[in-house]
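Single-structure report; data block below.
Chains as they are written, first to last, in the working numbering: chain A, 1 to 107; chain B, 1 to 107.
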């Protein structure tokens, strides 16, 4: 397993695929993580702060799916990873998609 | 298997769930069917006219997934089924989502 300070692979913005993003978002736990990141500051959140009560291995799996789909960025900072939503990249590739997904359930 | 003239179940517009819609759309064949229906007239398309080269059983499976998620409507007409996109219902539930998905890849 990668140590916290290893840089992980992320798709380039132009290589993010709609099918992968839709697939990554079509899980309640992953959608909850995305909403958590969207509600947070642009600074990102520590890996441990997201995903609520999920088991560590489950959270890791979901974060990997989101990262590989291009939905989130995971950047090492010291001994931790910081996660952020790739909002600009997603808005650039699929205008309106993220807003539509994040708006659901809000007045 | 249901005969062509049997009415199939569809979720009410208010019961359409985001996760189900995202999941239904996160497959290349199903996304292609949705685009085909979006490009067609509001009249709908005969079941046999969608899905290109898909095997009949594969097409049936995909159409069932789309119907149960609330993405398409499948209505018997004579000995055929007519399919249409539930655009108004989806736009009402998740404003902007369908447009964002359908716009991808178009200039």
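The beta-carbon is built from N, C-alpha and C at its ideal position, and this holds for glycine as well.
Using beta-carbon positions only, say whether residue i and residue j come within less than 8 Å of one another.
i, j, result
"residue 100 (chain A)", "residue 11 (chain B)", "no"
"residue 58 (chain B)", "residue 24 (chain B)", "no"
"residue 73 (chain B)", "residue 84 (chain B)", "yes"
"residue 63 (chain A)", "residue 22 (chain B)", "no"
"residue 16 (chain A)", "residue 89 (chain A)", "yes"
"residue 86 (chain B)", "residue 47 (chain B)", "no"
"residue 32 (chain A)", "residue 92 (chain A)", "no"
"residue 54 (chain A)", "residue 29 (chain A)", "yes"
"residue 98 (chain A)", "residue 35 (chain A)", "no"
Establish whether the CB of residue i and some CB of chain A are separated by less than 8 Å.
i, result
"residue 19 (chain B)", "yes"
"residue 29 (chain B)", "no"
"residue 57 (chain B)", "no"
"residue 54 (chain B)", "no"
"residue 25 (chain B)", "yes"
"residue 22 (chain B)", "yes"
"residue 15 (chain B)", "no"
Taking all protein chains shown into account, decide if residue i is buried (16 or more other Cβ within 10 angstroms of its Cβ) or exposed.
i, result
"residue 52 (chain B)", "exposed"
"residue 39 (chain B)", "exposed"
"residue 2 (chain A)", "Model confidence at residue 2 (chain A) stands at a pLDDT of 48, short of 50, so the residue's coordinates are unreliable and nothing is read from them."
"residue 78 (chain A)", "exposed"
"residue 75 (chain A)", "exposed"
"residue 41 (chain A)", "exposed"
Can you name the residues that DSSP bridges to residue i?
i, result
"residue 94 (chain A)", "BP columns for residue 94 (chain A) are empty, so no partner."
"residue 80 (chain A)", "A:77"
"residue 85 (chain A)", "A:72"
Under the three-state reduction of DSSP, which class applies to residue i: helix, strand or coil?
i, result
"residue 46 (chain B)", "strand"
"residue 54 (chain A)", "coil"
"residue 28 (chain A)", "helix"
"residue 10 (chain B)", "coil"
"residue 60 (chain A)", "helix"
"residue 20 (chain A)", "helix"
"residue 39 (chain B)", "helix"
Using beta carbons (cut-off 8 Å, strictly below), is residue i in contact with chain B?
i, result
"residue 104 (chain A)", "yes"
"residue 99 (chain A)", "yes"
"residue 94 (chain A)", "yes"
"residue 11 (chain A)", "no"
"residue 66 (chain A)", "no"
"residue 63 (chain A)", "no"
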